[in-house]
Structures are given as structure tokens and as C-alpha cells.
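Undergrad:
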Amino acid sequence: MTNLGIVQQTITFAKQSGADEAEALLSRRRVLTVEVGNGEVETIKQAEDLGLAVRALVGRRIGLSYATDLGEASLRRAAHRAVEIARASDADEFVGFAEPSAIANIAGFDPEMEKHSTDEKIDRAFAIERAAKEYDKRIVVTRRITYAERESTEAIANTRGLAAEQHNNGWGGGGIVIARDGKEQEAGFGSDAKRRYVEFDPVKIGMEAAEKAVMLLGATNVTTQRASILLEPKMTGAFLGIIASLVSADNVQKGKSLLAGKIGKAVAASGVTIVDDGAFVGAPGMRAFDDEGVPSQRTVVIADGILQNYLHSTYTARKGNTRSTGNTARASFKTAPEAQPSNFLLVAGSESAETLRAGIARGLWVRNLMNLHTANPISGEFSFGANGLWIEEGKIVGPVRGVTISGNLTDLLINLRGIGNDVVWQGGMGLSVGAPSVVIEDVSIAGK
Amino acid sequence: MSLDPNYLVAALNAGRAYWGDFAEIFAERRADTIVVLDDGRLDQVSAGEEAGVGVRVFSGKTSAYVYTTDFSRDAIVEALRLAHAASQQRAARQAGQTLVASLDRQTSARTLAAYKQMPDGIPLATKAAVVRNADRIARGLGKEIRQVTAAYFDTLQDVSIVNSMEEAAQDRGVRTVFRINVVAQAGDVIQTAFESTGGLAGFEQVEGEVSEQLARVAADRALRMLRARPSPAGTMPVVCAAEAGGVLVHEAMGHGMEADFNLPSKPMSVFAGKIGQPVANLKVTIVDDGTIPGMYGSMNYDDEGIPAQRRVLIEQGILRNYMHDRTTAREMNVAPNGSGRRQTFRHTPMPRMSNTLMLAGQDDPAAIIRSVPRGLLVKQMGGGQVNIVSGEFVFKVQEAFLIENGQVTEPVRGATLIGNGPTILKIIDMVGTDAGETRIGTCGKYDQGAPVGHGIPTVRIPEIVVGGIVPGMKEVTL
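In the order they appear, the protein sequences are chains X and Y.
Numbers 1 to 448, taken from our numbering, label the letters of the first sequence in order.
Numbers 1001 to 1478, taken from our numbering, label the letters of the second sequence in order.
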């Protein structure tokens, strides 16, 4: 049976079990992961994975169940369970499924995937390791240098007549390398995510990891103070990932975002523009439609510092009396869909990272952050471990480790003073973020 | 889908040509129920089943892993064939070493949990009542409580593992978890507080007074933190209370003692090559114990079929053991000690912690606090992270108080601790007699999560960097 046939059959089973409306999503994944280290192939992992999620509406009550067995008995059981769960749930006037609409074609699948042997792909993992070693003789490569490719197919149908299927693939790689000098050792991490095979550059990953490790050798601490920070693009992206959760309409409507009620207000420095675009060409999360079958679109979130829009699913759109922005995502087929960013981009400025750095009187060029998962999206408070390079009068003085940078996300956006032209994308299907280097003034740095 | 070990052994035998030096079949079926209450209503209710087979083949030092949701014998044999072919791709064709482990054949006799109330026998409405009660109780504690998210989870996991060394293990694990997050607001100040409980246990882990009490504790803390001033920042003495939880030992010490970071051929950790050497103050003893009945990080067998164990990591300051899976044990020529864990059949096993505990010492907890002229008392830790190469760790503090002239004074918010694991181990200079209350968490390593427990007695760290807001001339608010 075709993928669409399977989801159509499942919604029929749900109707037979008593659902007023139903939706089924079939997700198939194929993955190949190669891990190498110290000249050896450590692990090769390959898999065909699938999951089918079914949601049933009984009146205004909704239930979700799932299965990994696509046999008829299993699908009937999942559909029936979704109906039973719906009956035990709370009624909510806003629950419902997406209406069918025209979906534009995107080039989400790169056929190069099938044209290259596993052997060649193993070589790409070794290329990461080789590039790191060639960068500096103090670099030691140990283990788990990774090349990964994935291919995914989603088919979705609902009882409102929606039926859609998409096929995507992508590449990722990364690894931790160690710089050793005497008794001191530091780690560096490099990574990349690409939607075209030819654009995936193992050498760049290896050099990034090596540079980040070597950079930290000899690092010291600094005194506790307030100073500027220059975030490298991936660290800006880390903060942007947190901002992204603040504009999810789910969080806004539940009062879990400090940006609730701020549409039309200045929430960031002028010059800050953030957009979400599910179909952004080449972005790691590029997709034709979201996890409810709503076509991808471009949504301006912040324009020149002014908050314009939140990101919506079908549910939050009905609740907020607006239209879905095609931002529904599921963490896996097992979990309920939520409004989430797709490809979330801080639009580039005009200055190079070097120019931004030259303008800093005193501050920290942040190259790594730790404990990002502890930021508080409601109060806005954050306190992260950080390391990087200290800057005095625009010049790099030396490496710094063991400090924290702390503050409030609200102040951070307002105190943003420079935006670089060096956008880097990171992430994958699900949340992907694109961000350049930025300068933020007056940040708390705690050290000795 | 059959998890019968005899069926899996027959499939393994049918694929005998593809065993390489070692072949293993891991079959799993799990049923999860999730009930989340948010914004005053049931926000997510879901339940379902998933099942799959993971096949692992070693050829020399290369391992290959193939997984599928198809349980047919043909599919399992095909997975073995693919794994074997992949493992041969670049295998350094060394003679296969024999794996040293031997499984406990008395599988059915071993169980660490009594499972008084199996979750699959509890109606959905009863599970929903847990989160509804928690919401009602938390909101009842004051108008400043603005939002409550309460979540109930249960998992029934059946696993069968068979391998080419004629070993077989079969196990059932049941875990039940309750979590609550409370948001309080007064004027412009918003604070949140989090509590959780979970165990290798049935519905009894969360029902009635248990979850209701956690709702009160979380709401009280969120309200208290509304009145707290920002924590001071800079280097100072810190006392971690016994109820604070053991994120400190988990992050600063535990991860660095996982054997995959300590392989002689590929040393990464600051603890590599230091077995038998002093790495901590004499007062410090740390164990990782997967055998504590009912604890969240406990297990009957690890995910390679090795019985769970209690491992002494640091004994009176001396590094004694790493945590091993079969792969690291083979390379280091020791017995695997029950640390091979995987999140699901989609994941390859690796050394992980279970319940990581610092054992009680000789110091009077009250005297530890009295000894500090000016510093911080950490009452509740939050999430953390470690860099096992440099030893640097950082963790969030959920609740803290100032210590002034040996007295606990006002609550402070927003603190973070950052330090170097090996350094902190050496400078911890007081360890309380109070065996710590254990806390639960989900530990992330590479791409996998694992349920863990952790705990400490009251300890004094004479000097550590406390991160927080640095007072300045310029305060910008919207």
C-alpha cells in the first residue's frame, strides 16, 4: 500500500471507532551514520524507521495515539485508542485539523545521496579527522567524529480532504577534537548541516573543531565585571533558538513568553529583523509543508526592532483568531503537535566580524556557551557558562575560560549594537536557526 | 512481534554467517502514556506502542548497528547481513577478542521493583486526576501563582537481548514520573519553580499525597523567589545542602568517569589513566548504584544484558573504577559493570550513569554552615553541563540563600555555579553526616537521554565562581 493509502486507511478506522474527524501522519526515515576516530571506523549505523501518529476528534475533544507496526490490526488499535483518549480529554473549542491548500514544490531531495558509495561516505568522516590534525600538531583526534545522512518521507491526510506527501534529505557532521599541551587539554567542537551533498564540507568542520580547541590553550579567568560581548554566529544562533521559543503562539497564549502582548512594540534594537521561513532554500529545515500539512510560508517576526507576528499552528491560529503560519512541528510521532519555528533567521547586517570586534573597547568574544537549556523563557533570566577570547581596544588579548555571562533576554535584544554579515545556519529538520555575529553591550560577566 | 528469546535465538542462528566476532539482537516493545495539564486544562493526552529490533555486529574494532521495526525472521537476518557487511567495510581485521561478560541465566529471579500498581491497570481519568489535583493545589496557594504545568508519564518497557555467546536476558521495566512547573508573578518580577519525582516503580510513585506535596513545594518556592534579590556574583564559599540533589557529582565527576572517555587508546577525560590515584579529598566517596530498589536510575539489567551493579567510583579520594559497557570493558580487559545503556532500539549502547551518590561523611551539617563568614547556601540545584575534556562544569541553582557570619539569611535568585571538576573534588573540605535526599533527572549524552538519580550530603566548597547579575550603573528595561 502507498504511504497515502496507509494514512487514508487509518483515518477511516478512526471514523469507524467513533471519531467525528481524524488525521493521520506517517513518517518514514532512513539514516546512515558513520563514526570514526583515531584512524578507525568505530560504528556504522543504518536504519529504516517509521512511526504513524493518529489524532481523533470526538466533539471538541482530541486524542493522540501511534504505532510502529503498520499491520491492519495495529492501525485499528491505534485509531481506536486515539478515540478512547479523546473521550477522556477536556473539551476545547479550538481543536481541529488543517484545511487542504495548494502546496508549492520545493527541491527538498538531493538525488546525489544515492550516487555515492558508503565507502566514499566513510572517507568524508575521515576527512574531518584529517583536517583537524593538519590544523595544528597539538590536536589529538579521539573518537566519534561523525558523518550522518538522513532521508525522510511524510504522508499526511485528514477527514477535511487534506492529503499530502513530501520527501526530504540532508547531511550533517561533527565532532569533538582535543588540543593537548603539557598537562593542559581543551576540547573543540565543529559541526555543519547541509541540504546538498556537494555543499557538505568535512574540511571546514575539522578546522572549526581544531581552531576552537587550540584557541583555548592557556586560558585564564577575568575579574567579575560588566562588559560587551561579541557572539560568534553559532552562539548568536544559540540565543536565537531561545528567542524562537518566545514567539511560539503556544507559549504566548499560555503566558509562558515574555513577548506575550508585545505585538507592535519595540522589543529589540533598531536594525534587528527576524523572519521565519519554512521553505528557505538550502536551510537545514527546508520543507514543503508542516506537521499538519499546512504549506510553508515566510513570516516576519521582528521588523527593525518591532514585534510583528507570532508563529502559529492550526490550533493556536483558531484560538488567536488568525491563520496558521505553517509552523506546526512534532518532536516525534509520539508527541502532540505544537507551534514551533521552522527556519528562524536573524537577517544579516553589513559589517564583518572583524569590524565588529575592532569596535569593542573591552569585552569577551564568546566562542562557546554551556547550559543553554537552563534559560528561563518566562522571566527571561539566563546565566550560561562561557569561554572565548578577551578583547581590549579592539584587539584580542588572550583566551578566557570559567566565566558566566548573565542577564535578561529582554535587555539582550535591546542592547544589541552591531549585526554581522556572516550568517551561519545550524540545526536540522525541526528547529533550524540562521544567525550572524552580533555585539551586545553591558553584559554581566562573573569570574574571579 | 515476538520478544520471546527462543524466537530471537532462532533468528540469530539463521543469520550465523553474519556474526562477525560478536552479534547481538536487542528487541524492545514499549508503551508510553503522557498526560500534560497546562493553562488549567488537559493539554496533551497520548498513549501508544512502539517496537523494534536493533542488531549489532562487531568485526575487529568496528561495530555496525542496524535497526528495524519489522520483527519477521527475514528482516532480522537481513539486518544481521547489513550490519555484518557494514562492519567489514573498513574493519581492521584483527583477531576477534572474546567478550568477557557472562550473563546471569536466572533472569526471572531478578527484580528490583515491586510495582505495587501497574500503570496499565490505572484508568486514564485517574492519571489525569494527578495533574488536576496538582494544578488546584498550586493555584490555591496564592493569586501570584499565574501558571501551572503538571505532567504525568508512565512507560512499560519489555526487552529481550540475545547474543552469539549463547547469552540471553529478558526484562521488564516500569517507570512512572510526575513533574510540575509553577510560574509566579508580582509586578514585573516573574519566577518559576520546578519539582519532580520518578522511579522504577508503578503508579504508587506519584499518587495522592506524593504529587500534591510536590505541587505545594514548587508553588511555595516560586512565591519565595519573587521576594528574593539577585544572587551576588563572583568567587565565594558555597555550601550545597543535602536536599539540593547531586547534579554536582553527576556533572563535575560522574561523566568524566564513563569508560568511553577514558580508553587508553583514546583518552579524553581529565580522569583518564588515573585509576588508583588520588583525585579527591579523603572525605569524598562516590558510588554509582543501579541496584537501589525503585530508584529512577535503577535497572534489573543494563541494555546489553549485564545485571545492574553498585560501582565504587571514588573511595576516600582514590579513583577506583570507571563505568563500562561491553565495548570499553573489552578494550580495557576488565569485566563490564552494568553501565551499557541505550535510549531505545534506535540507539547504540554506551557507558552511562544510573544513580550517582556521594556518601555521607563525618562533619556536622550545622557546623558546615556556621563555618562560612560570607557565601551561598544552595538548597536546590537545577540543570547542568560538563566539558569532560577540560573538566569545566556549570549548573543552575534553583534556590539559594545567603550565608552571613555563619547564619542563613535572605533568599537570592538567579545564581549559577561554574568550576573545574577535578579542582572542586580536591578542594571540597567538609562532607556532612546527612545522607542526601535523591533527585531525578534525564541525563543527555550525545544523542541519547537516560533516566538517572543523584544525591549528596551537605558539602562545603571553599571557593567557586558564582555567576549572576553584576550590579552596574546602567540598567535597561523595556
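For glycine and all other residues, C-beta sits at the position ideal for the given N, C-alpha and C.
Quick caveat: nothing in here was measured; it's all calculated off a predicted structure.
Can you tell me whether A1168 (chain Y) is helix, strand or coil according to DSSP?
TA: Strand at A1168 (chain Y).
Undergrad: Flag this pair as yes or no: are the beta carbons of L259 (chain X) and V247 (chain X) separated by less than 8 Å?
TA: For L259 (chain X) and V247 (chain X), yes; Cβs fall inside 8 Å.
Undergrad: Identify each residue in the region 1134-1168 of chain Y for which the Cβ-Cβ distance to at least one residue of chain X is less than 7 Å, and report them in chain order.
TA: The residues in question are R1146, Q1147.
Undergrad: Where does Q1213 (chain Y) sit, in a helix, a strand or coil, going by DSSP?
TA: Three-state result, Q1213 (chain Y): helix.
Undergrad: Between which residues of its own chain and M1353 (chain Y) is the CB-CB distance below 6 Å, once the five residues before and five after are set aside?
TA: So the list reads G1254, D1288, V1452, once near-sequence residues are dropped.
Undergrad: Are any of the Cβ atoms in chain X nearer than 8 Å to that of K1274 (chain Y)?
TA: No, because no Cβ of chain X sits closer than 8 Å to the Cβ of K1274 (chain Y).
Undergrad: Based on Cα-Cα distance, which residue from X:A331, X:A336, X:Q308 lies nearest to T325 (chain X)?
TA: Of the listed residues, the one whose Cα sits closest to T325 (chain X) is X:Q308.
Undergrad: For a quick check, are the C-beta atoms of L240 (chain X) and I360 (chain X) less than 8 Å apart?
TA: Cβ atoms of L240 (chain X) and I360 (chain X): not closer than 8 Å.
Undergrad: For N321 (chain X), would you say it is in contact with chain Y, using Cβ-to-Cβ distances shorter than 8 Å as the test?
TA: Judged by the 8 Å Cβ criterion, N321 (chain X) is not in contact with chain Y.
Undergrad: At a Cβ threshold of 8 Å, is M1268 (chain Y) touching chain X?
TA: Yes, M1268 (chain Y) lies at the interface with chain X (some Cβ there is under 8 Å from its Cβ).
Undergrad: Going by C-alpha distance, which of Y:I1122, Y:Y1065, Y:D1039, Y:Q1089 is nearest D90 (chain X)?
TA: Looking at the Cα atoms, Y:D1039 is the closest of the given residues.
Undergrad: Nearest-angstrom Cα distance between G71 (chain X) and G1383 (chain Y)?
TA: Roughly 41 Å separates the two Cα atoms.
Undergrad: Between the region 187-200 of chain X and the region 1270-1281 of chain Y, can you find at least three pairs of beta-carbon atoms closer than 8 Å?
TA: The answer is no - the region 187-200 of chain X does not touch the region 1270-1281 of chain Y, with fewer than three Cβ pairs under 8 Å.
Undergrad: Report yes or no: do the region 1421-1436 of chain Y and the region 1457-1467 of chain Y share at least 3 C-beta pairs separated by less than 8 Å?
TA: The region 1421-1436 of chain Y is in contact with the region 1457-1467 of chain Y.
Undergrad: For a contact defined as C-beta to C-beta under 8 Å, what are the partners of A1241 (chain Y) on chain X?
TA: Those within 8 Å of A1241 (chain Y) in chain X number zero; the least Cβ separation is about 19 Å.
Undergrad: For the beta strand (DSSP E) that contains I1137 (chain Y), what are its first and last residues?
TA: Run containing I1137 (chain Y): none in the beta strand (DSSP E); it sits in the alpha helix (DSSP H), 1124-1139.
Undergrad: Determine the DSSP secondary structure at G1290 (chain Y), reduced to helix, strand or coil.
TA: It is coil, neither helix nor strand.
Undergrad: Counting only the same chain and skipping the five closest in sequence on each side, list residues whose C-beta sits under 7 Å from that of T1068 (chain Y).
TA: These residues qualify, in order along the chain: G1052, V1053, A1075, A1079.
Undergrad: Taking only beta carbons into account, state which residues of the region 364-396 of chain X come closer than 7 Å to chain Y, listed in chain order.
TA: Result list: M370, N371, H373, T374, N376, I378, S379, E381, S383, G385.
Undergrad: For F1022 (chain Y), return the contacting residues in chain X, with the cut-off set at a CB-CB distance below 8 Å.
TA: Under the 8 Å cutoff, chain X gives no residues; its nearest Cβ is about 13 Å from F1022 (chain Y).
Undergrad: What in chain X is Cβ-close to Y1322 (chain Y), meaning under 9 Å?
TA: Neighbours of Y1322 (chain Y) on chain X: none; closest Cβ ~15 Å, over 9 Å.
Undergrad: Got a sec: is the Cβ-Cβ distance from N1006 (chain Y) to anything in chain X below 8 Å?
TA: N1006 (chain Y) does not count as touching chain X.
Undergrad: Looking at Y1018 (chain Y) and R1073 (chain Y), is the spacing between their C-beta atoms short of 8 Å?
TA: The answer is no: Cβ separation not under 8 Å.
Undergrad: Looking at the secondary structure, which residues open and close the beta strand (DSSP E) in which Q253 (chain X) lies?
TA: It is not in any beta strand (DSSP E) - Q253 (chain X) instead sits in the alpha helix (DSSP H) that spans 249-253.
Undergrad: State the CB to CB distance for the pair E129 (chain X) and V140 (chain X), rounded to an integer number of angstroms; the pair is presumed to be in contact (CB under 8 Å).
TA: Going by Cβ atoms, the distance from E129 (chain X) to V140 (chain X) rounds to 11 Å, so no, they are not a contact pair.
Undergrad: Just verifying my parser: in three-state terms, what is the DSSP assignment at V1341 (chain Y)?
TA: This sequence places Arg at residue 1341 (chain Y); Val is not what is there. Three-state DSSP puts R1341 (chain Y) in a strand.
Undergrad: Thinking C-beta only, is T1062 (chain Y) closer than 8 Å to E40 (chain X)?
TA: Taking 8 Å as the Cβ cut-off, E40 (chain X) and T1062 (chain Y) qualify as a contacting pair.
Undergrad: Should M1118 (chain Y) go down as buried or exposed, given a rule of 16 or more other Cβ atoms within 10 Å for buried?
TA: M1118 (chain Y) should be labelled exposed.
Undergrad: Taking the Cβ atom as the reference point for each residue, do P1005 (chain Y) and Q1157 (chain Y) lie within a distance shorter than 8 Å?
TA: Not in contact: P1005 (chain Y) and Q1157 (chain Y) (Cβ atoms no closer than 8 Å).
Undergrad: Quick check on the DSSP output: the beta strand (DSSP E) that includes E1251 (chain Y) runs from which residue to which?
TA: Looking at the DSSP string, E1251 (chain Y) is not in any beta strand (DSSP E), and its letter there is neither H nor E.
Undergrad: Indicate whether R509 (chain X) and A22 (chain X) have their beta-carbon atoms separated by less than 8 Å.
TA: Because chain X is modelled from 1 through 448, residue 509 (chain X) falls outside the range shown and cannot be assessed.
Undergrad: Let's see if you can read the secondary structure: which residues bound the beta strand (DSSP E) around M1358 (chain Y)?
TA: Here the beta strand (DSSP E) through M1358 (chain Y) covers 1355-1358.
Undergrad: Consider the Cβ of L50 (chain X): report whether some Cβ of chain Y lies at a distance smaller than 8 Å.
TA: Chain Y, which has a Cβ nearer than 8 Å to the Cβ of L50 (chain X), makes this yes.
Undergrad: So, is Y1446 (chain Y) buried or exposed, given that buried needs 16 or more other C-beta atoms within 10 angstroms?
TA: Result: exposed.
Undergrad: Go to I1440 (chain Y), then tell me how far its beta strand (DSSP E) extends in each direction, as first and last residue.
TA: Taken as a continuous stretch (DSSP letters only), the beta strand (DSSP E) holding I1440 (chain Y) covers 1439-1445.
Undergrad: Would you kindly work out how many angstroms separate the C-alpha atoms of H1084 (chain Y) and G170 (chain X), rounded to a whole number?
TA: Going by the C-alpha atoms only, they are around 26 Å apart.
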